[in-house]
Amino acid sequence: MSDQAVKRVIIIGAGQAGGEAALRLRHSGFGGDITLVGEEPAAPYQRPPLSKKYLSGELGMDRLLLRPAGVYADENIAFLAPLRAVWIDRANRRVRLEGGRELGYDALVLATGARARKLTLVGADLAGAHLLRTAGDVDAIRPRFVSGARLVVIGAGYIGLEVAAVARQTGLDVTVVEAAPRPLARVTSPEVAGFFLDEHAGKGVRFALGAQPAIIKGKEHVTGVGLADGSEIPADLVIAGIGVNPETTLAQHCALNVENGIVTDAQCRTSDPSIFAIGDCAARPMAHYRNRVARLESVHNAVEGAKIVAAVLTEQSHSVEAPWFWSDQYDLKLQIAGLFQSYTKIVLRGSMKERSFAAFYYNGERLIAVDAVNRPGEYLGAKMLIQTGRTLAPEVIADASRPMKELVAQAQ
Amino acid sequence: MPKITYIEHSGKEHVIDAPLGQTVMEAAVKHAVPGIDADCGGACACATCHVYVDPVWLLKTGEASSMEQSMLDFANDVEDNSRLSCQIKVSDALDGLVVRLPKSQH
Chain E
1 MSDQAVKRVI
11 IIGAGQAGGE
21 AALRLRHSGF
31 GGDITLVGEE
41 PAAPYQRPPL
51 SKKYLSGELG
61 MDRLLLRPAG
71 VYADENIAFL
81 APLRAVWIDR
91 ANRRVRLEGG
101 RELGYDALVL
111 ATGARARKLT
121 LVGADLAGAH
131 LLRTAGDVDA
141 IRPRFVSGAR
151 LVVIGAGYIG
161 LEVAAVARQT
171 GLDVTVVEAA
181 PRPLARVTSP
191 EVAGFFLDEH
201 AGKGVRFALG
211 AQPAIIKGKE
221 HVTGVGLADG
231 SEIPADLVIA
241 GIGVNPETTL
251 AQHCALNVEN
261 GIVTDAQCRT
271 SDPSIFAIGD
281 CAARPMAHYR
291 NRVARLESVH
301 NAVEGAKIVA
311 AVLTEQSHSV
321 EAPWFWSDQY
331 DLKLQIAGLF
341 QSYTKIVLRG
351 SMKERSFAAF
361 YYNGERLIAV
371 DAVNRPGEYL
381 GAKMLIQTGR
391 TLAPEVIADA
401 SRPMKELVAQ
411 AQ
Chain G
1 MPKITYIEHS
11 GKEHVIDAPL
21 GQTVMEAAVK
31 HAVPGIDADC
41 GGACACATCH
51 VYVDPVWLLK
61 TGEASSMEQS
71 MLDFANDVED
81 NSRLSCQIKV
91 SDALDGLVVR
101 LPKSQH
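Rendered as structure tokens:
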């Protein structure tokens, strides 16, 4: 079926990717039926603040929502929640929902997201031991997230460190346990990770690095975390941020191509041309990285997937943006552009000591990514360079006496 | 609630009741004003909520912080009255504010 003949679109998953796909499809002029199926009770909301301003209480649920809940009905989008899709019948293009109801589609969008990895330790089900992925998770954490409480964070990725920052600002006693020898091992360079380690240590966060949690202790409620070396860290609250797994169950059951995520082409089409996959659950060729297939967990990737699908289904053109991310910890704004994984050289501009610097990542002569801390110009400048396939020599970019904007203008 | 007028690049006007304490960006996004993308949700990470503040309001909206100014340096079609609307908080003093939207946020 050509995309022109698409009259009925079902979107499974009502996170940022799914919600944005529904609205952008409508705003792009699609006049057919749109059904959005979500398993959480709330209308699509922003996840990034969950480990930041929603945890601290600064933002309520009303401000977390991407759009007011009534917008979907106003845009003639059938929003079904909380409800799970349980089966995809590819041959007949039907989706079965929990309770037995079936809906037909011409195009199906999988935006099923990812699930927080669970601790597989004894005691992981005790009261006071939490994951952090949904607003419901944070609502459950909040009553014990109070000044003076002893918090153990398991996992020193961005979520774990953001939680640690909010916890220190709220007056909790915080220990971060991480199996790797350094924090942020999967997501940034040792140099930038070292900066964040020092910042947190300076704010009173204790770290157990290279440490394996072995057991969560307690009878009904958490009292501590036992490590593999036999030591124990007392705790009133344990929050695990040890990564996510893409939610690919439905895709696997209907035999779509799934590796690390549901594999798609650049148009977000899966191995079945009537089925698209976007957001955290999907892996797509990255236009700015020689079409290397990557599964990104980010707001940008969620929104980008939504834009791509809306453009494909309404036969409009769309140019893909280079990947971007951010993390807020204390008064530090970390802004990231590009994918750093294949870097062979790192160049610093600015000063870690003054808490204002950018780390530029090169693969050979090619600029591939930046981590900018309190340096938005460097972030946007590098993003623009990556976007347009340009680069700047390392010795030029390291010269902080020349404004970033001027350097970007002369880049080849 | 303070009223804010958003004028699209095409000239189309949207008058919105903006809740106190939210930002000029949030009020626009929650009412689906076209032309303010705000992909990052107000974290000052994407520079897609660029607006032009009507000059008579510039004193009341205050000045861009150095962080915001650095972001604006890289936005398209920046003018002296350019701001990121995620960095302007709605207050009673802004009742009647008029902002214009650029041709494109990218």
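Chains E and G, in that order, give the protein sequences. Reminder that position 27 of the first sequence reads as 27 in the working numbering, one-by-one numbering, no gaps. Reminder that position 89 of the second sequence reads as 89 in the working numbering, one-by-one numbering, no gaps. Heads up, the beta-carbon is just placed ideally off N, CA and C, and yes, glycines get one too. Since we're looking at a predicted model, the values are computed, not measured.
Beta-carbon contacts of residue i that lie in its chain and below 7 Å, excluding the five residues immediately before and after
{"i": "lysine 103 of chain G", "result": "His9 and Asp77"}
{"i": "alanine 164 of chain E", "result": "Val153, Val174, Val176, His200 and Val205"}
{"i": "alanine 116 of chain E", "result": "Leu131, Leu132, Arg133 and Val244"}
{"i": "aspartate 17 of chain G", "result": "Met1 and Lys3"}
{"i": "arginine 295 of chain E", "result": "Pro246, Asn260, Gly261, Ala282 and Ala283"}
{"i": "methionine 1 of chain E", "result": "At methionine 1 of chain E, the pLDDT of 47 sits below 50, so the modelled position is not reliable; the number obtained from the coordinates is stated separately. Answer for methionine 1 of chain E: Asp106 and Ser274, listed in chain order."}
{"i": "alanine 400 of chain E", "result": "Arg349 and Gly350"}
8 Å Cβ cut-off: residues of chain G touching residue i
{"i": "glycine 377 of chain E", "result": "Ser70, Met71, Asp73 and Phe74"}
{"i": "arginine 63 of chain E", "result": "Gln22 and Glu26"}
{"i": "aspartate 328 of chain E", "result": "Ala43"}
{"i": "arginine 428 of chain E", "result": "Because chain E in this structure spans residues 1 to 412, residue 428 of chain E falls outside the shown range and cannot be described."}
{"i": "valine 166 of chain E", "result": "Chain G residues near valine 166 of chain E: none, gap ~14 Å exceeds 8 Å."}
{"i": "lysine 405 of chain E", "result": "Asp73 and Phe74"}
Contact test: residue i Cβ vs the ligand SAM heavy atom, cutoff 7 Å
{"i": "threonine 23 of chain G", "result": "Absence of the ligand SAM from the depicted structure is noted, as is the absence of any ligand whatsoever, leaving it without description."}
6 Å Cβ shell around residue i - same chain, five flanking residues per side excluded
{"i": "proline 394 of chain E", "result": "Val347"}
{"i": "leucine 332 of chain E", "result": "Val373"}
{"i": "glutamate 315 of chain E", "result": "none"}
{"i": "valine 122 of chain E", "result": "Ile215"}
{"i": "alanine 93 of chain G", "result": "Lys60"}
{"i": "alanine 17 of chain E", "result": "Ala111, Ile278, Gly279, Ala302, Gly305 and Ala306"}
Test: residue i CB closer than 8 Å to a CB of chain E
{"i": "leucine 41 of chain G", "result": "The identity of residue 41 of chain G in the sequence shown is glycine, whereas the question assumes leucine. So, interface residue."}
{"i": "leucine 86 of chain G", "result": "Rather than leucine, the amino acid found at residue 86 of chain G in this sequence is cysteine. So, not an interface residue."}
Residue i, enclosing alpha helix (DSSP H) - first and last residue
{"i": "proline 190 of chain E", "result": "190-202"}
{"i": "glutamine 252 of chain E", "result": "249-253"}
{"i": "tyrosine 72 of chain E", "result": "71-74"}
{"i": "lysine 449 of chain E", "result": "In the structure as shown, chain E begins at 1 and stops at 412. Residue 449 of chain E is therefore absent and cannot be evaluated."}
{"i": "glutamate 40 of chain E", "result": "Unbroken run through glutamate 40 of chain E: none, as it is neither H nor E."}
{"i": "tyrosine 158 of chain E", "result": "158-170"}
{"i": "aspartate 229 of chain E", "result": "Careful: aspartate 229 of chain E lies outside any alpha helix (DSSP H) and carries neither H nor E."}
{"i": "valine 205 of chain E", "result": "Segment: none, valine 205 of chain E is in no alpha helix (DSSP H) and carries neither H nor E."}
{"i": "isoleucine 242 of chain E", "result": "Here isoleucine 242 of chain E belongs to no alpha helix (DSSP H), and DSSP marks it neither H nor E."}
{"i": "leucine 23 of chain E", "result": "16-27"}
{"i": "arginine 63 of chain E", "result": "61-64"}
Neighbour list for residue i in chain G, Cβ cutoff strictly below 7 Å
{"i": "glutamine 169 of chain E", "result": "In chain order: nothing, as chain G lies at least about 17 Å away."}
{"i": "valine 192 of chain E", "result": "Correct list: empty, because the minimum Cβ distance to chain G is about 17 Å."}
Minimum Cβ-Cβ distance from residue i to chain G less than 8 Å
{"i": "valine 177 of chain E", "result": "no"}
{"i": "histidine 318 of chain E", "result": "no"}
{"i": "glutamine 46 of chain E", "result": "yes"}
{"i": "histidine 221 of chain E", "result": "no"}
{"i": "methionine 1 of chain E", "result": "The predicted position of methionine 1 of chain E is uncertain, since its pLDDT is 47 and thus under 50; no value can be drawn from it."}
{"i": "valine 187 of chain E", "result": "no"}
{"i": "valine 303 of chain E", "result": "yes"}
{"i": "methionine 384 of chain E", "result": "yes"}
{"i": "leucine 71 of chain E", "result": "Before going further, note that residue 71 of chain E is valine rather than leucine in the sequence given. So yes, valine 71 of chain E belongs to the interface."}
Delimiting residues of the beta strand (DSSP E) encompassing residue i
{"i": "valine 29 of chain G", "result": "Here valine 29 of chain G belongs to no beta strand (DSSP E); instead the alpha helix (DSSP H) covers 24-30."}
{"i": "histidine 130 of chain E", "result": "129-131"}
{"i": "arginine 390 of chain E", "result": "Careful: arginine 390 of chain E lies outside any beta strand (DSSP E) and carries neither H nor E."}
{"i": "glycine 104 of chain E", "result": "102-104"}
{"i": "lysine 217 of chain E", "result": "213-218"}
{"i": "glycine 338 of chain E", "result": "332-338"}
{"i": "glutamate 178 of chain E", "result": "173-178"}
Proximal residues of chain E, C-beta to C-beta of residue i below 8 Å
{"i": "methionine 67 of chain G", "result": "Lys333, Asn374 and Pro376"}
Contacts of residue i in chain E (Cβ-Cβ under 7 Å)
{"i": "alanine 47 of chain G", "result": "Leu380"}
Nonlocal neighbours in the same chain, by C-beta distance under 8 Å from residue i, ignoring five residues either side
{"i": "aspartate 358 of chain E", "result": "Note on residue identity: the sequence assigns alanine, not aspartate, to residue 358 of chain E. For alanine 358 of chain E, where only same-chain residues beyond five positions count, the Cβ hits under 8 Å are Leu348, Arg349, Gly350, Val370, Asp371, Ala372, Val373, Arg375, Glu378, Tyr379 and Ala382."}
{"i": "alanine 73 of chain E", "result": "Phe79"}
Partner residues on chain B for residue i, Cβ-Cβ distance less than 8 Å
{"i": "valine 299 of chain E", "result": "In the structure shown, chain B cannot be found, because the protein chains are E and G."}
Mind listing, in chain order, the continuous alpha helix (DSSP H) runs of no fewer than 4 residues lying wholly within the region 265-323 of chain E? 299-313
Sequence ranges, beta strand (DSSP E) only - wholly within the region 46-95 of chain G, length at least 3: 50-53 and 82-84
For the region 359-390 of chain E, which segments carrying the beta strand (DSSP E) assignment without a break, of at least 3 residues, lie completely within its bounds, in sequence order? 366-373
With a floor of 4 residues, list each alpha helix (DSSP H) that falls wholly inside the region 80-104 of chain E, ordered by position along the chain. none
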